[in-house]
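Chains as they are written, first to last, in my numbering: chain V, 1 to 238; chain L, 1001 to 1238.
Protein chains: 2
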Amino acid sequence: MNSNLSLYPSPTVMVDIVIFTVEQDTLKVLLIKRGIEPFYGENALPGGSVQLEHDHTLEDAAKRELEEETGINHTYLEQLYTYGSAQRDPRGWTVSVAYFALVAADEVRLKAGSDAAEAYWHSIQGHRVEFPLAFDHAIILQDAIERLRAKVEYTDIAVHLLPQAFTLSEFQRIYEIIMQETLNKSSFRKRVDQAGIVKPIKGQMRTGSNRPAQLYRFTNTNNNRLFFPRSLVWAEKK
Amino acid sequence: MNSNLSLYPSPTVMVDIVIFTVEQDTLKVLLIKRGIEPFYGENALPGGSVQLEHDHTLEDAAKRELEEETGINHTYLEQLYTYGSAQRDPRGWTVSVAYFALVAADEVRLKAGSDAAEAYWHSIQGHRVEFPLAFDHAIILQDAIERLRAKVEYTDIAVHLLPQAFTLSEFQRIYEIIMQETLNKSSFRKRVDQAGIVKPIKGQMRTGSNRPAQLYRFTNTNNNRLFFPRSLVWAEKK
DNA sequence: GTAATAGTGTCTCTTAGACAATATGCC
DNA sequence: GGCATATTGTCTAAGAGACACTATTAC
């Protein structure tokens, strides 16, 4: 059976998800090695069919995939783009609604999904996706990286890559890793301060063999407001 | 028949399109009065099923809808968002991939689509969609208006609402109509100049009972580059 | 003390916006 | 000239980035 309303055949609808984290000073994406045809044994983004009985919305399906892969059910999740054509899957006309998620590395517990032999973090180097992926997933990943880089400049979504408590240096470092540029410290702090998106946590600090840093936590207060009045301007190279 | 690849039933896939124009100093959207059930006789966005035999991609389907409704086949067209749930259509689980298009008022030739009794321009007043539309189309339209307003601030897409030849005052007026704010004239001109997105047309001018304005045409050169280095800051009210 | 990172302050330069001056058409 | 809109120029203020200074810990 299918649920088609019209006289016309309808394409198969999948949901794929690009899950980013930052770990060991590197931007990483969650990939799986496919356990079924087509593209058996090749790398791909996690994803699957919408389950009409269980998923009430597309976002439900994306959340389900995210939780299946990482065990995480509350984090930053955003619809990326919808890819649909007769060519993108060798089996015929398909539509993939792609999402992208940001998860804090310390919260992830990887498990393999049902059609995946294994799930693992793949490091992203440079600005282009240079490695092969099944279907058009290399294009989807490329688009996701560009969306991430664009939104990081004018929103506060990067906090979702950090643990609950973090220092301003760690926060800045996240920006530098994603953008692959160096940021000016005082400007960054000034703008974080003005944006009012973080709040210092009581007496807590963190150690090293140097001055300890103030810990902060994210404040949800500026919902979807612009982070920076200007777009970020990156530090000049010396 | 259907083309489902999986064991699961797949939702019906539609493409809906939000077509904007600016006419008589007003932002307008193209609506149709539905000629079939459900929502017979109610207002809706133009749209229809993906036709697997004719459309090679989702964008093909959107372009086909756009041309069916307006006769225009080359203009600004961008995927907006994908809406999918069990509830949005009374007939069951559907997915609608929504696009939005900008068309110049002088290029449109309205014709009714196959499932539409009539197509017409509806004026948009204020910042909220206050009138009822079929399905979740009021939400789609609201999202489209917000996307348009957001992108107008940092891209040059507004030129697609103008005729081939236009004056800088007309260009600025488009911004003011979409944003419902007054812009500072000299700042606007300075930035348009720096962005290098328009080029004066040879000796041409346009008349009134006052100094005629230089005519410009759009230059495609800065493909997808940022229009404004800062986001636009609107003129203070006196 | 040194090393290392956290955090702050000052100075300069760019640019948006206010405001006004000038330009050019029609009557 | 008078009116209306086009176009340009000047001044000020806000904010970004360079750079350097101070602060605080471990050793």
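Cβ atoms here follow ideal geometry from the backbone N, Cα and C, with glycine treated the same way.
Just curious, the beta strand (DSSP E) that V:Gln194 is in, first and last residue?
-> Careful: V:Gln194 lies outside any beta strand (DSSP E), inside the alpha helix (DSSP H) at 185–195.
Does the beta carbon of L:Ser1049 sit closer than 7 angstroms to a beta carbon anywhere in chain V?
-> yes
List the endpoints of the continuous alpha helix (DSSP H) containing V:Phe171.
-> 168–179
What is the DSSP secondary structure of V:Thr70, reduced to helix, strand or coil?
-> helix
In terms of alpha-carbon separation, which member of L:Thr1182, L:Phe1171, L:Thr1026 lies closest to L:Gln1125?
-> L:Thr1026
Just grab the DSSP bridge partners of L:Leu1031 for me.
-> L:Tyr1120
Give me the Cα-Cα distance between L:Val1103 and L:Ser1096, rounded to the nearest whole angstrom.
-> 22 angstroms
Please determine if the region 122–138 of chain V and the region 187–194 of chain V are in contact, where contact requires at least 3 C-beta pairs separated by less than 8 angstroms.
-> no
So, is V:His137 buried or exposed, given that buried needs 16 or more other C-beta atoms within 10 angstroms?
-> buried
Reference V:Leu77; option with closest CA among V:Ser169, V:Thr182, V:Ile17 = V:Ile17
Spatially closest choice to L:His1160 from L:Pro1038, L:Ala1101, L:Gly1035, L:Lys1028, by CA coordinates | L:Ala1101
Is there at least one Cβ from chain V nearer than 7 angstroms to L:Thr1155's Cβ?
-> no
Anything in the region 1075–1089 of chain L with a Cβ closer than 8 angstroms to a Cβ of chain V? List those residues in chain order, please.
-> Gln1079, Tyr1081, Thr1082, Tyr1083, Gly1084, Ser1085, Ala1086, Gln1087, Asp1089
Tell me whether L:Pro1163 counts as near the ligand NAD, meaning its Cβ is closer than 6 angstroms to at least one heavy atom of that ligand.
-> With respect to the ligand NAD, the structure shown offers nothing to examine, as it has no ligands at all.
Output yes if chain V places a C-beta closer than 7 angstroms to the C-beta of L:His1054; else output no.
-> no
May I ask which residues mark the beginning and end of the alpha helix (DSSP H) holding V:Tyr154?
-> 137–154
Could you check what DSSP says for V:Asp55 in three-state terms: helix, strand or coil?
-> coil
Name the chain L residues whose beta carbon is nearer than 9 angstroms to that of V:Val97?
-> Thr1082, Gly1084, Val1095, Val1097
Cα separation between V:Gln51 and L:Asp1089?
-> 17 angstroms
Outcome for L:Thr1219 when other beta-carbon atoms lying within 10 angstroms are tallied against a minimum of 16 = exposed
V:Ala144 versus V:Ala98, V:Ala61, V:Pro38, residue with shortest Cα-Cα distance | V:Ala98
Proximal residues to V:Ser123 (C-beta, below 8 angstroms), its chain only, five neighbours per side dropped = Thr26, Leu27, Lys28
Considering V:Ala213, what are the terminal residues of the beta strand (DSSP E) in which it resides?
-> 213–218
Proximal residues of chain L, C-beta to C-beta of V:Val13 below 8 angstroms = Ser1010, Pro1011, Val1013, Gly1084, Val1095
As assigned by DSSP and simplified to three states, the class of V:Asp106 = helix
Sheet register partners of V:Ser85 (DSSP bridge) = V:Thr94, L:Thr1057
Closer than 7 angstroms to chain V by CB, L:Ala1134 = no
Using a Cβ-Cβ distance under 7 angstroms, would L:Thr1070 count as near chain V?
-> no
Among V:Pro46, V:Asp55, V:Glu59, which residue has its Cα nearest to the Cα of V:Trp121?
-> V:Pro46
Residues that V:Thr57 contacts on chain L, provided the C-beta gap is smaller than 7 angstroms = Gly1084, Ser1085
If you count every other CB in all the chains shown that lies within 10 Å of the CB of L:Ile1242, and 16 or more means buried, which is it?
-> The first residue shown for chain L is 1001 and the last is 1238, placing residue 1242 of chain L beyond what the model contains.
Best match in L:Phe1020, L:Thr1182, L:Ile1197, L:Pro1009 for proximity to L:Asp1156 [C-alpha to C-alpha] = L:Ile1197
Have a look at V:Gly71, V:Ser209, V:Arg64, V:Gln194 and flag the residue whose alpha-carbon is nearest the alpha-carbon of V:Met14.
-> V:Arg64
Taking the beta strand (DSSP E) that L:Glu1023 falls in, what are its first and last residues?
-> 1012–1023
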